[in-house]
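So the number in the numbering used here is just where the residue sits in the sequence shown, counting from 1, plus 1242.
Glycine is no exception: its CB is placed at the ideal position from the N, C-alpha and C atoms.
Since the model is a prediction, treat every value here as computed from it, not as a measurement.
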Amino acid sequence: MDDQRVNRAVTYGLLAAWMLHDAEELATGPRWIRENVPVLRERFPEVPARVWRG
1243 MDDQRVNRAV
1253 TYGLLAAWML
1263 HDAEELATGP
1273 RWIRENVPVL
1283 RERFPEVPAR
1293 VWRG
């Protein structure tokens, strides 16, 4: 029975960590894109425009 409790705690802990990570990406992603895509476009001009539109 103890093993099952540990396994559940690990499972829920990983789920919570992934959810927190995804929330952080959603919160910071748009700003990062606004600030960095122009620099990347300049650095890699051979990349087709459709790639940058996402």
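Considering only Val1293, Ala1258 and Glu1288, the residue with the shortest C-alpha distance to Ile1275 is Val1293. Pairing Pro1290 with Leu1282, the inter-Cα distance amounts to about 12 Å.
Non-local C-beta neighbours of Pro1287 in its own chain, meaning closer than 7 Å and more than five positions away in sequence, are absent. Assigned with DSSP and collapsed to three states, Val1281 falls in helix.
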